[in-house]
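Participant: Going by this note's numbering, the residue at position 73 of the sequence shown is 79; the numbering climbs one at a time, nothing skipped. Cβ atoms here follow ideal geometry from the backbone N, Cα and C, with glycine treated the same way. Mind having a look at this structure? Questions to follow.
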Amino acid sequence: MRITVIGCGYLGAVHAASMAELGHDVVGIDIDEAKIAMLASGRAPFYEPGLPELLERSLAGGRLRFTTDMSAARGNRIHFVAVGTPQKPRENAADLRFVDAAIDALVPWLEAGDLVVGKSTVPVGTARGIADRLAESETGASLAWNPEFLREGLAVKDTLHPDRLVYGVPDGDPAGARQLLDEVYAATLSEGTPLVVTDYETAELVKVSANAFLATKISFINAMAEVCEVVGADVTQLADAIGYDARIGRRFLNAGLGFGGGCLPKDIRAFMARAGELGADQALTFLREVDRINMRRRERAVDLVREVLDGSLLGRRIAVLGLAFKPDSDDVRDSPALNVAAMLSLQGAAVICHDPKAVPNSRKRFPELSYTESLDEAVADADVVLVLTEWGDYLEIDPEVLARKVANPIVVDGRNCLDAEAWRAAGWRYRALGRRRMDARVGALV
Ligand code: UDX
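Here is the structure:
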């Protein structure tokens, strides 16, 4: 099928390359010339495992191209809208400027029988408004809403082999949107991927409620971590034990610095704002608490570092390992790790930051912090080592070797990702968020 993907950011670039991989003829359109030039030459504007290979294959095969010219949408049957919906400055609501602009720019090129497919995460009610605009345009094009659930770092896999597909279509589906989308996703559906066909509002809500649930699960376990810290219990064992209950499940129960990134934080805030506009704010007040618990973890991490440094951060040398909001990503949007590094620096510590991929993006946000691409340089003579993003590289560190490079063998594990026993056995004082304060050297609770 001939497909347009409007918006070539994280979602759109991966979606365009994945649709081409499924055998479609795809054009990716974006107003950002630099981004389009990069994608057209087969380079991804962000780090995402597997994406460069996918781009290269489809570009070489002639199934994929990129342009800034919206007229390239003419003659295509399906037009995905995958532009960003950022948080408005100083407000919680989502900014729909880019969605509106994309629809305005697309309308002149639409023809009867075309299907516009929304993929962006939007406040409930947006799709119906766009469908009305399309009806007014008298182009004969119609709308479906098809939310995307991809995770950064696993975006290619999640797009090609999603857990489920959701189509929001109008009553009675007069334009046959379901059939068209079934054709687009034929390869995916043939794998037995579950499909939910529903109305626009449910489709929009599926996306934000899934993110709200995931955020709640993380904040739930982080709330348990707060209690564990007070009584000297161990949140990781607690998560293992409750996670064996199939109704609860162990995934997304990793306590630590909490959630960040371009989706969960902004999506739960936008969801609350929309519920307020709809007069249903009471239904979502718990999300305010989810947000608060999440932000408190960052402050607790700073307090813990101060505590292990005997109360003073001033001039102390702190090695921060990990800046991205999660491993296998160079994304530092609302990153708990970068936030903690910045707070420590503001409070007078000498912070040296390391990350396998996210240093350039971090430098743009916080140029005043010190960065290094060398792990050895980051930890040299450190008073304390913080692991704030659970990159595989850090899990492979030999604690015995590292102990010889630092000034004090103290490690704060912000993601509960290190083998605590191995680090303690190598002589480290190991501290983590929500875990017992066992100190190997004295063999007692400290
Ligand atoms: C999320 C949703 O998972 C995805 O379905 C949606 O489409 C976009 O938002 P993403 O932002 O890529 O995806 O990251 P995700 O893997 O969900 O992690 C979000 C944050 O939660 C990260 O900062 C991660 O470190 C944190 N997290 C995750 C935890 O703190 N504990 C966990 O147990 C899991």
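(1) Check whether the segment 56–72 and the segment 102–110 are in contact - that is, three or more C-beta pairs closer than 8 Å.
(2) Within 10 angstroms of the Cβ of L451, are there 16 or more other Cβ atoms? Answer buried if so, exposed if not.
(3) Please work out which residues of its chain come closer than 7 Å, Cβ to Cβ, to A150, disregarding the five sequence neighbours upstream and downstream, and give them in chain order.
(4) Do F331 and G266 have their CB atoms nearer than 8 Å?
(5) Following the continuous alpha helix (DSSP H) through I274, name the residue where it begins and the one where it ends.
(6) Taking C-beta to C-beta, are I274 and N217 nearer than 8 Å?
(7) Could you tell me which residues DSSP pairs with E438 in its beta bridges?
(8) Under three-state DSSP, which class holds V448?
(9) Out of G282, A26 and T127, state which residue places its alpha-carbon closest to the alpha-carbon of A88.
(10) Using the Cβ count rule (16 or more neighbours within 10 Å means buried), how would you classify A133?
(11) Sort R339, A356 and L290 by Cα distance to R371 and report the nearest one.
(12) Among the residues of its own chain, which have a CB less than 6 Å from the CB of I245, if the five just before and after it don't count?
(13) For L5, is the classification buried or exposed, using 16 other Cβ atoms within 10 angstroms of its Cβ as the cut-off for buried?
(14) Just the Cα atoms here: how many angstroms apart are G354 and R312?
(15) Look up A100 in the DSSP assignment and give the residues it is bridged to.
(16) Rounded to whole angstroms, what's the CA-CA distance from E142 to G178? Just pull it up for me.
(17) Going residue by residue through the segment 117–181, where are the continuous alpha helix (DSSP H) segments of at least 4 residues, counting only ones entirely within it?
(18) Would you kindly work out how many angstroms separate the C-alpha atoms of V241 and G81, rounded to a whole number?
(19) Rounded to whole angstroms, what is the Cα-Cα separation between S380 and A426?
(20) Using CA atoms only, rank isn't needed, just tell me which of V162, S148 and A79 is closest to M25.
(21) Could you tell me the alpha carbon to alpha carbon distance between A446 and Y436, rounded to whole angstroms?
(22) What's the C-alpha gap between G433 and P415?
(23) Could you have a look at P394 and say whether DSSP puts it in helix, strand or coil?
(24) Going by DSSP, what residues sit across from A325 in a beta bridge?
(25) What beta strand (DSSP E) runs, 3 residues minimum, are completely inside the segment 28–95?
(26) Does I403 come out as helix, strand or coil in the three-state DSSP assignment?
(27) Give the straight-line distance between the Cα atoms of V417 and E189, rounded to the nearest whole angstrom.
(28) Might you give, ordered along the chain, the residues of its own chain that have their beta carbon closer than 6 Å to the beta carbon of G15, omitting 5 neighbours on each side?
(29) Measure the Cβ-Cβ separation of V357 and I403 and say whether it is below 8 Å.
(30) Do you know whose CA, among L220, I84 and D389, lies nearest A409's CA?
(31) Any heavy atom of the ligand UDX closer than 7 Å to the CB of E210?
(32) What residue does the alpha helix (DSSP H) around I248 start on, and which one ends it?
(33) Does at least one heavy atom of the ligand UDX sit under 7 Å from the Cβ of I299?
(34) Quick check on the burial criterion: 16 or more other C-beta atoms within 10 angstroms. Buried or exposed for Y53?
(35) Below 8 Å between beta carbons: does that hold for A221 and V308?
Facilitator: Inspection of the coordinates gives the following:
(1) no
(2) To locate residue 451, count along the sequence shown from 1; it is residue 445. Bear in mind that a pLDDT of 44 at L451, under 50, signals an unreliable position, so the number given afterwards is only what the model happens to contain. It is exposed - the Cβ of L451 has fewer than 16 other Cβ atoms within 10 Å.
(3) As a working note, residue 150 is residue 144 in the sequence shown. Once the five neighbours on either side are set aside, the close Cβ partners of A150 are L121, V123, Y173, G174, V175, A183 and L187.
(4) Here residue 331 refers to the residue found at position 325 of the sequence shown. Here residue 266 refers to the residue found at position 260 of the sequence shown. The answer is yes: Cβ separation under 8 Å.
(5) As a first step, residue 274 must be located in the sequence shown, where it is residue number 268. Where I274 is concerned, the enclosing alpha helix (DSSP H) stretches over L270 to E283.
(6) To locate residue 274, count along the sequence shown from 1; it is residue 268. To locate residue 217, count along the sequence shown from 1; it is residue 211. Closer than 8 Å, so yes.
(7) Along the sequence shown, read from residue 1 onward, the residue named residue 438 stands at position 432. According to the sequence as given, residue 438 is Ala; it is not Glu. Answer is D419.
(8) As a first step, residue 448 must be located in the sequence shown, where it is residue number 442. Annotation note: pLDDT 41 at V448 (below 50); position unreliable, coordinate value reported separately. Coil, per DSSP.
(9) Along the sequence shown, one-based indexing puts residue 88 at 82. Cα-wise, what sits closest to A88 is T127.
(10) Within the sequence shown, numbered from 1, the residue matching residue 133 stands at position 127. With a 10 Å radius around the Cβ and a threshold of 16 neighbouring Cβ atoms, A133 comes out buried.
(11) Within the sequence shown, residue 371 is the residue found at index 365, counting from 1. Considering only R339, A356 and L290, the residue with the shortest C-alpha distance to R371 is R339.
(12) Within the sequence shown, numbered from 1, the residue matching residue 245 stands at position 239. In the sequence on display, residue 245 carries Ala and not Ile. Result list for A245: I227 and L259, in chain order.
(13) Outside the displayed range of the chain (7 to 452) lies residue 5, so it cannot be described from this structure.
(14) Along the sequence shown, read from residue 1 onward, the residue named residue 354 stands at position 348. Along the sequence shown, read from residue 1 onward, the residue named residue 312 stands at position 306. So the two alpha carbons sit approximately 11 Å from each other.
(15) By one-based count along the sequence shown, residue 100 stands at place 94. Looking at the DSSP assignment, A100 forms a beta bridge with Q93.
(16) The residue given as residue 142 occupies position 136 in the sequence shown. The residue given as residue 178 occupies position 172 in the sequence shown. E142 and G178 have their C-alpha atoms roughly 19 Å apart.
(17) 132–143 and 161–166
(18) Translated into positions along the sequence shown, residue 241 becomes position 235. Translated into positions along the sequence shown, residue 81 becomes position 75. Going from the Cα of V241 to the Cα of G81 covers about 56 Å.
(19) For the purposes of this step, residue 380 is identified with residue 374 of the sequence shown, where counting begins at 1. For the purposes of this step, residue 426 is identified with residue 420 of the sequence shown, where counting begins at 1. Going from the Cα of S380 to the Cα of A426 covers about 24 Å.
(20) The count along the sequence shown starts at 1 and reaches residue 25 at position 19. The residue with the shortest Cα to Cα distance from M25 is V162.
(21) Residue 446 sits at position 440 when you count from the first residue of the sequence shown. Residue 436 sits at position 430 when you count from the first residue of the sequence shown. Because A446 carries a pLDDT of 40, less than 50, the predicted location of this residue cannot be relied on, and the following value inherits that uncertainty. The alpha-carbon atoms of A446 and Y436 are separated by roughly 8 Å.
(22) Mapped onto the sequence shown, residue 433 falls at position 427. Mapped onto the sequence shown, residue 415 falls at position 409. Approximately 7 Å, taken between the alpha carbons.
(23) The sequence position of residue 394 within the sequence shown is 388, counting from 1. For the sequence presented, residue 394 should be read as Leu rather than Pro. DSSP places L394 in coil when its eight states are reduced to three.
(24) Here the question's residue 325 lines up with position 319 in the sequence shown. Its beta-bridge partners are I358 and V391.
(25) 31–35, 70–73 and 84–87
(26) What you label residue 403 is simply residue 397 of the sequence shown in a count that begins at 1. Note: I403 maps to coil in three-state DSSP.
(27) Within the sequence shown, residue 417 is the residue found at index 411, counting from 1. Within the sequence shown, residue 189 is the residue found at index 183, counting from 1. The straight-line gap from Cα to Cα measures roughly 53 Å.
(28) Counting from one through the sequence shown, the residue named residue 15 turns up at place 9. The residues are G90.
(29) Translated into positions along the sequence shown, residue 357 becomes position 351. Translated into positions along the sequence shown, residue 403 becomes position 397. Cβ distance not < 8 Å, so V357 and I403 don't count as in contact.
(30) As a position in the sequence shown, residue 409 is number 403, starting the count at 1. The option with the nearest alpha carbon to A409 is D389.
(31) Stepping through the sequence shown from its first residue, residue 210 is reached at position 204. Checking every heavy atom of the ligand UDX against the Cβ of E210, none is found closer than 7 Å.
(32) As a first step, residue 248 must be located in the sequence shown, where it is residue number 242. Residues V241 to G249.
(33) If you number the sequence shown from 1, residue 299 lands on position 293. Result no, Cβ not under 7 Å from the ligand UDX.
(34) On the sequence shown, residue 53 is found 47 positions in, with the first residue counted as 1. Looking at its Cβ environment, which holds 16 or more other Cβ atoms inside 10 Å, Y53 is buried.
(35) The sequence position of residue 221 within the sequence shown is 215, counting from 1. The sequence position of residue 308 within the sequence shown is 302, counting from 1. It is not a contact, given that the beta carbons lie outside the stated cut-off.
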